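Please read the structure below before turning to the comments.
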Amino acid sequence: KTDEVNWGVTAGVAVTSEFELFGAKGSVEFSVKESTGGSHSVTHSKSTSYLRGQSLTLGKSLPYVTPGGALVFGLVDKYKISRDKTPAKLHMKCVNKDDYVADTTVKVNSDFYQPPRFWSLYDTLTRDQCSRKDDIYECVCGVRDRYSNYVGDKDKIKNAFDACFNY
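Numbering (the numbering used here), first residue to last: 10 to 176.
Shown next, in the form of structure tokens:
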């Protein structure tokens, strides 16, 4: 949005002198006129920008001897920032090259995650356990399903995993 103001001033003076000389009439006029003016513009703009980014790189390598079973658990911390009026500085450069800084606020919404941490469980089947491999597989899948969203003591998960191989 631009608001513009134009202005001008004109001032003048005129002097007229009439005369009569030897029966002839005449006049002389002298005038001075001065004009000045200018304009002043004020521009206001509103800018809204959005930044959206996403990056996902996760990995864990777990070597184990087959036949056997393994589970990998990962933990990641999520941080959320949501604030309507975050203090910010607005830096402006005027037409006359003057710099101007104003305090303002901006809306901030951000989710970010810490790097993940992994821990794993694995075991190898013995000759005797190979005949029960289907039961062990079902048990390990059950541990995964029961504890996928579990927040608590890791020993509880480890004991449940070990129980799959030890019955």
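For every residue, glycine included, the Cβ atom is placed at its ideal position computed from N, Cα and C.
This structure is a prediction, so every number in the text was calculated from the model and none was measured.
Work out the CA separation of R136 and Y122 for me, nearest whole Å.
-> For the purposes of this step, residue 122 is identified with residue 113 of the sequence shown, where counting begins at 1. For the purposes of this step, residue 136 is identified with residue 127 of the sequence shown, where counting begins at 1. Linking Y122 to R136 through their CA atoms gives a straight-line distance of about 43 Å.
Report the option in W128, S119, S157 and L134 whose CA atom is closest to the CA atom of K87.
-> Working through the sequence shown from its first residue, we reach residue 87 at position 78. Restricting attention to W128, S119, S157 and L134, the CA atom closest to the CA of K87 is found in S119.
As assigned by DSSP and simplified to three states, the class of G151 = Here residue 151 corresponds to residue number 142 of the sequence shown, with the count starting at 1. In the three-state DSSP reduction, G151 falls in the helix class (H, G or I).
Exposed or buried, D132, counting other C-beta atoms within 10 Å across all chains shown (16 or more means buried)?
-> Here residue 132 refers to the residue found at position 123 of the sequence shown. Classification of D132: buried, given that the 10 Å Cβ count is 16 or more.
What residue from L80, P76 and D112 has the CA that sits closest to R155's CA?
-> Along the sequence shown, one-based indexing puts residue 155 at 146. Ranking L80, P76 and D112 by Cα distance to R155 puts L80 first.
Contacts around V115, its chain only, beta-carbon distance under 7 Å, and the 5 residues preceding and following it disregarded = In the sequence shown, counting from the first residue as 1, residue 115 sits at position 106. Beyond the five residues adjoining it in sequence on each side, V115 comes within less than 7 Å, by CB distance, of T95 and A97 in the same chain, given in chain order.
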